[in-house]
Amino acid sequence: MASLALHEADGGATIALGGRLDAYSVGPLWSTARAALASHPRTRLTVDCRAVDYCDGAGVALLLDMLRQPRPAGAEVRIDGLAERFRNLLDQFDPKSFAESAPARPRRSFIERVGIAGTEFWADLRGQIAFVGEATAALAYALRHPHMLRWRDILYVAEEAGVNALPIVALIGFLMGVILAFQSAIAMKQFGAEIFVANLLSLSILRELGPLMTAILLAGRSGAAFAAEIGTMKVNQEIDALTTMGLDPVKFLVVTRVLAATAMTVPLVVFSDLIGLVGGALVMLTFEIPIATYYKQAVSFATMTDFMGGLAKSVVFGVLIAGIGCLRGLQTETGASAVGISATNAVVSGIILIVFVDGVFAVVYYYLGI
Amino acid sequence: MSAPVQQEVVIRVENLRTGFGDFIVHENVSFEIRRGEVFAILGGSGCGKTVLLKHMIGLYRPLGGRVLISGEDIATAQGERRLAILRRFGVMYQLGALFGNMTLLENIRLPLEEYTSLPDDAMDLLAETKLRLVNLGGAGHLTPSEISGGMMKRAAIARAMALDPDIVFLDEPSGGLDPVTSAELDQLVLRLSKSLGITFVVITHELPSIFGIADRCIMLDKRVKGIIAEGRPADLRDHSPNPRVRQFFNREAENEVEAGSAA
Chain A
208 MASLALHEAD
218 GGATIALGGR
228 LDAYSVGPLW
238 STARAALASH
248 PRTRLTVDCR
258 AVDYCDGAGV
268 ALLLDMLRQP
278 RPAGAEVRID
288 GLAERFRNLL
298 DQFDPKSFAE
308 SAPARPRRSF
318 IERVGIAGTE
328 FWADLRGQIA
338 FVGEATAALA
348 YALRHPHMLR
358 WRDILYVAEE
368 AGVNALPIVA
378 LIGFLMGVIL
388 AFQSAIAMKQ
398 FGAEIFVANL
408 LSLSILRELG
418 PLMTAILLAG
428 RSGAAFAAEI
438 GTMKVNQEID
448 ALTTMGLDPV
458 KFLVVTRVLA
468 ATAMTVPLVV
478 FSDLIGLVGG
488 ALVMLTFEIP
498 IATYYKQAVS
508 FATMTDFMGG
518 LAKSVVFGVL
528 IAGIGCLRGL
538 QTETGASAVG
548 ISATNAVVSG
558 IILIVFVDGV
568 FAVVYYYLGI
Chain B
507 MSAPVQQEVV
517 IRVENLRTGF
527 GDFIVHENVS
537 FEIRRGEVFA
547 ILGGSGCGKT
557 VLLKHMIGLY
567 RPLGGRVLIS
577 GEDIATAQGE
587 RRLAILRRFG
597 VMYQLGALFG
607 NMTLLENIRL
617 PLEEYTSLPD
627 DAMDLLAETK
637 LRLVNLGGAG
647 HLTPSEISGG
657 MMKRAAIARA
667 MALDPDIVFL
677 DEPSGGLDPV
687 TSAELDQLVL
697 RLSKSLGITF
707 VVITHELPSI
717 FGIADRCIML
727 DKRVKGIIAE
737 GRPADLRDHS
747 PNPRVRQFFN
757 REAENEVEAG
767 SAA
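Residue numbers (our numbering), protein chains in the order written: chain A, 208 to 577; chain B, 507 to 769.
Next comes the structure, spelled out in structure tokens:
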């Protein structure tokens, strides 16, 4: 272990260091050494290192710390008796060049930060608009030239984002139907109106909850996956490789994902609608309403227009989720944390867009009388 | 001045057998590394240099045989004993493996914060000295995404040496570095091994660097799944009975030798 002792003498003071100076042993000595320096501000200090038998980078840092302290002329710190091989390590640094504390990054004022945030928001908006344009052009091109599409990639994404999402979509859809039926049935039972739970369920699930819940699930599942996958490709320079091969990343990566995810959103929503209604029917059985009655009531109330209106929404949701996931992936900066940020942004932007567009649909449907 | 190589063995690899499932990378590999030595692991691409390194630092478990660091088996050590072994060495990974969400200074400070009781500004000072050792003085506030590949390698070496370990593993330290920086790095390795007796285990392809710093080396080959040569690099270049070894050290293409021997 390391040791430190302070000896007073006529002409000054001596700090005797000894033992093994390494990263583990110098920690406790550090403040003692600082205090010794501070208590002798005007006298010459000698650091006696004759008893030091090992001194690595941490020991050298301790000596440097003593040497770098600003002291008046005639009160310098002198290192004495340090073995040659350790001296060599110390001599490669100029103690005075280590400022007392490293300069922190400049702090920005409030106005600057507002300005930066505003510019970033504007740039992000421009990026999104440009991306929507690029993606639309690429999609239009792909639809006119379907033989140019990479169908294998599309099928792979469709399996990954669609088929493999079935269990979670089923679970949430079922749960939604069960909870909705149960909560409303309890209230309606007081008026003997349990049968109208079928009306409530069919309308709310087909028009609103089925498409919305499925879209939010897909945003969390596939939107994040697209962003992370494309983001990692960007970090690994795979996007650069595509570009220099003359392959447009938007055509190559975005079109396949948007097409596949959009195509899969519609059947997933149909599935979610159905299983939600089945969940509701099972609950209604416990309220002594047979499935046949429930079915008749639901079918007589909800129309095909309600169902198709929900599906129309889900097509738009699919485009948005896949598009925003790809965009956030392409916007990834470098580094491991950047991929995480992109995935987070994809989910957050995806959900915001879904809610916003759902509101727009509600207004449009209202005026169209759907 | 010759390096103070002692007879004490710090790393002993015994009959190591490595691989993934049915795919065997090394068979029956044994060698010793002595304290204060600069030890190079050489070999053509795909011969398993990095796989060997990952077994030596305990990331992979061997299929057979042992890796002993100062007499302790790294693959079977648990808990505190494993931590004690891990603290004895530092590793510079091929691509740097710097933490992207931290500045260079914070990267080097991380082991100091976790393992030592140094005061805050002492850690900054110590980390700054490490950065200066690799010519990155004043770059501590940058993040890994803001620096070049060469700077990343050097910062990774600085981090590997944050706690001044006994052993430093360097996986291709000079790959992607310019000749000047690469030569400076070699000098740094020599200086540290001489003054502090740090043992360096270096994976490298750079011939000038091998001849400049390596006290001893082993050469791996994928055809024999093991070591085909062991010794001082200059001796192997001039006196190895194996044409493939001479080829490597003289930087000749494979077919040149085959054509030569056929003639």
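From the three backbone atoms N, C-alpha and C, an ideal C-beta is built for every residue, glycine too.
Quantities reported herein were computed from a predicted structural model and do not represent experimental measurements.
- For Tyr573 (chain A), the secondary structure class from DSSP, reduced to helix, strand or coil, is helix.
- Residue contact with chain B for Ala344 (chain A): absent (no Cβ-Cβ distance below 8 Å to any residue of chain B).
- The stretch 541 to 550 of chain A makes no contact with the stretch 337 to 357 of chain A, as fewer than three CB pairs between them are under 8 Å.
- Residue-level contact by beta carbon fails for Asn371 (chain A) and chain B, as no gap is shorter than 8 Å.
- At a cut-off of 8 Å between C-beta atoms, Met667 (chain B) counts as an interface residue with respect to chain A.
- Counting along the chain, the unbroken alpha helix (DSSP H) around Met562 (chain B) starts and ends at Lys555 to Met562.
- When the beta-carbon positions are compared, Ile575 (chain B) and Ile709 (chain B) stay at least 8 Å from each other.
- The C-alpha of Ala434 (chain A) is placed about 10 Å away from the C-alpha of Ala426 (chain A).
- Counting only the Cα atoms, Arg540 (chain B) lies some 23 Å from Leu296 (chain A).
- In the three-state reduction of the DSSP assignment, Gly281 (chain A) falls in the coil class, being assigned neither a helical nor a strand state.
- Within chain B, the residues whose beta carbon sits less than 7 Å from that of Asp263 (chain A) are Asp670 and Leu702, listed in sequence order.
- Chain B places no beta carbon closer than 8 Å to that of Gly340 (chain A), leaving this residue out of the contacts.
- Assignment of Arg314 (chain A) by DSSP, reduced to helix, strand and coil, places it in the coil class.
- Cβ neighbours of Tyr621 (chain B) within its own chain (closer than 7 Å, five residues either side excluded): Arg593 and Leu669.
- Residues of the stretch 224 to 235 of chain A with a Cβ closer than 8 Å to any Cβ of chain B, in chain order: Asp229, Ala230, Tyr231, Val233, Gly234 and Pro235.
- Contact between Leu362 (chain A) and Ile412 (chain A) does not hold, since their C-beta atoms are separated by about 30 Å, which reaches or exceeds 8 Å.
- The Cβ atoms of Leu610 (chain B) and Ala661 (chain B) sit closer than 8 Å to each other.
- In the structure shown, Leu548 (chain B) falls within a strand segment according to DSSP collapsed to helix, strand and coil.
- Residue environment: Met273 (chain A) is assigned as buried (16 or more neighbouring CB atoms within 10 Å of its CB, all protein chains considered).
- Here DSSP, grouped into helix, strand and coil, assigns Leu213 (chain A) to strand.
- The criterion of a C-beta distance shorter than 8 Å is satisfied by Leu676 (chain B) and Ile663 (chain B).
- Using a Cβ-Cβ distance cut-off of 8 Å, the stretch 471 to 485 of chain A and the stretch 509 to 518 of chain A are in contact, since at least three pairs of beta carbons, one from each stretch, lie closer than that value.
- In the structure shown, the three-state DSSP call for Val516 (chain B) is strand.
- Between Thr500 (chain A) and Ala405 (chain A), the alpha-carbon positions lie close to 9 Å from each other.
- The stretch 414 to 429 of chain A and the stretch 359 to 379 of chain A touch, with three or more beta-carbon pairs separated by less than 8 Å.
- By the neighbour-count criterion, in which 16 or more other beta carbons inside 10 Å mark a residue as buried, Glu652 (chain B) falls on the exposed side.
- Counting only runs of at least 4 residues, the stretch 645 to 695 of chain B fully encloses the following alpha helix (DSSP H) elements, listed from N- to C-terminal order: 655 to 666.
- In this structure, Gly225 (chain A) lies near Ala209 (chain A), with their beta-carbon atoms less than 8 Å apart.
- Leu419 (chain A) has a beta carbon lying at 8 Å or more from every beta carbon in chain B.
- In this structure, the beta-carbon distance from Pro302 (chain A) to Leu252 (chain A) does not fall below 8 Å.
- At a C-beta separation below 7 Å, Thr541 (chain A) has these neighbours in chain B: Ser651.
- Per DSSP, the continuous beta strand (DSSP E) segment holding Val531 (chain B) begins and ends at Phe529 to Arg540.
- For Leu356 (chain A), no alpha helix (DSSP H) encloses it, and the DSSP letter there is neither H nor E.
- For the options B:Ile530, B:Ala759, B:Met562 and B:Ala590, the alpha carbon positioned closest to that of Val730 (chain B) is the one of B:Ile530.
- Assigned with DSSP and collapsed to three states, Arg292 (chain A) falls in helix.
- In the DSSP annotation of this structure, the continuous segment of the alpha helix (DSSP H) that includes Thr469 (chain A) starts and ends at Val462 to Thr493.
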